[in-house]
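First residue of the sequence shown? That's 10 in the numbering used here, and the numbers climb one at a time after it. Every residue gets a Cβ at the ideal spot worked out from N, C-alpha and C, and that includes glycine. Only a predicted model underlies this, so the values are computations on that prediction, with no experimental measurement involved. Some notes on the structure that comes next.
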Amino acid sequence: MPRVSRAETEKNRLAIEEASSKLFRERGLSVSVADVMRAAGLTHGGFYGHFKSKDELAAIACAKAFEGSAAKWKERVAAMDDAVAARHALIKGYLHDKHRTEPSTGCPLASLVVDVSREDSSKPVRDAFHQGLEQLVDVLSTLQPEANTSEAARKQALEQLSTLVGAMLLARATEGTALSDELLLAARTQLLQSK
10 MPRVSRAETE KNRLAIEEAS SKLFRERGLS VSVADVMRAA GLTHGGFYGH
60 FKSKDELAAI ACAKAFEGSA AKWKERVAAM DDAVAARHAL IKGYLHDKHR
110 TEPSTGCPLA SLVVDVSRED SSKPVRDAFH QGLEQLVDVL STLQPEANTS
160 EAARKQALEQ LSTLVGAMLL ARATEGTALS DELLLAARTQ LLQSK
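Here it is in structure tokens:
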């Protein structure tokens, strides 16, 4: 059997990372290695040639998901004229129907928070989640022009992010009902009214 080139090995690793990032956000951290490898178009046996464990992959996939979210947030911010407009764009994008119905491509906060909270504190995914959360808090903190200190901006960002994630979790849990839409609308209205 011929050896796989270094370029092909890297391509396969990236495919595994991408597949796991989507699957973990869609179905949770209980997704099997076999499911991840199948989604990446690879055989189960090749997994350990790329990763030491599923725990390592979970941390990498979580970090990759947060990097993608932070990049999207920064792109939205850069497209706006001012901080308030940028914050409103983030809020509208986050509390959108599409984000509710497509968790595999959405923010890892609303997709992974419950699973990560159940993981032992020594698991690497906990640190990846924490670092990713800090990235998003940092972006949102820069969009608080009315805050007179960085501490006040961070506090406002934490309040807003908590509302965004909580509303999305509840909306996903009640998807298909009028309540789901009401939750998104209520959170969006509240956050867009704040300065």
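Asked                                                                                                                                                                                : Found
Determine whether the beta carbon atoms of Thr172 and Leu152 lie at a separation below 8 Å.                                                                                          : no
For Gly50, which residues in the same chain have their Cβ closer than 7 Å to its Cβ, ignoring the five residues on either side in sequence?                                          : Ala24
Could you tell me which of Glu160, Asp64, Val42 sits nearest to Gly54, measuring between CA atoms?                                                                                   : Val42
I'd like the ranges of any alpha helix (DSSP H) spanning at least 4 consecutive residues and lying wholly in the segment 98 to 142.                                                  : 106 to 110, 117 to 127
Nearest by alpha-carbon distance to Leu149: which of Arg15, Thr110, Asp91, Phe33 is it?                                                                                              : Asp91
Which residue wins for smallest C-alpha separation from Val93, given the options Leu194, Ala166, Glu76, Glu184?                                                                      : Ala166
With DSSP as the reference, label Ser150 as helix, strand or coil.                                                                                                                   : helix
What three-state label does DSSP hand Ala28 in the structure shown?                                                                                                                  : helix
Might you give, ordered along the chain, the residues of its own chain that have their beta carbon closer than 8 Å to the beta carbon of Asn157, omitting 5 neighbours on each side? : none
Please classify Leu66: does DSSP put it in a helix, a strand, or coil?                                                                                                               : helix
Let me know the secondary structure DSSP gives Thr186 once reduced to three states.                                                                                                  : coil
What does a CB cutoff of less than 7 Å around Glu35 pick up in its chain, not counting 5 residues either side in sequence?                                                           : Pro112, Ser113
Since Phe33 contacts Ala70 with CB under 8 Å, what's their CB separation in whole angstroms?                                                                                         : 5 Å
Whose CA, out of Leu118, Ala161, Leu66, Ala88, lies closest to the CA of Gln140?                                                                                                     : Leu118
Count the other C-beta atoms from every protein chain shown that fall within 10 angstroms of the C-beta of Leu66, then say buried if there are 16 or more, exposed otherwise.        : buried
Since Asp44 is in the alpha helix (DSSP H), which residue starts that stretch and which ends it?                                                                                     : 42 to 48
State the Cα-Cα distance for the pair Cys87 and Ser78, rounded to the nearest angstrom.                                                                                              : What sits at residue 87 in the sequence shown is Ala, not Cys. Roughly 14 Å separates the two Cα atoms.
On the criterion of 16 or more Cβ atoms from any shown chain inside 10 Å, does Thr52 qualify as buried, or is it exposed?                                                            : exposed
Quick check: the Cα distance between Gln144 and Phe138, rounded to an integer number of angstroms?                                                                                   : 10 Å
Please name the residue in Val134, Ala74, Asp106 whose C-alpha comes closest to that of Ala187.                                                                                      : Asp106
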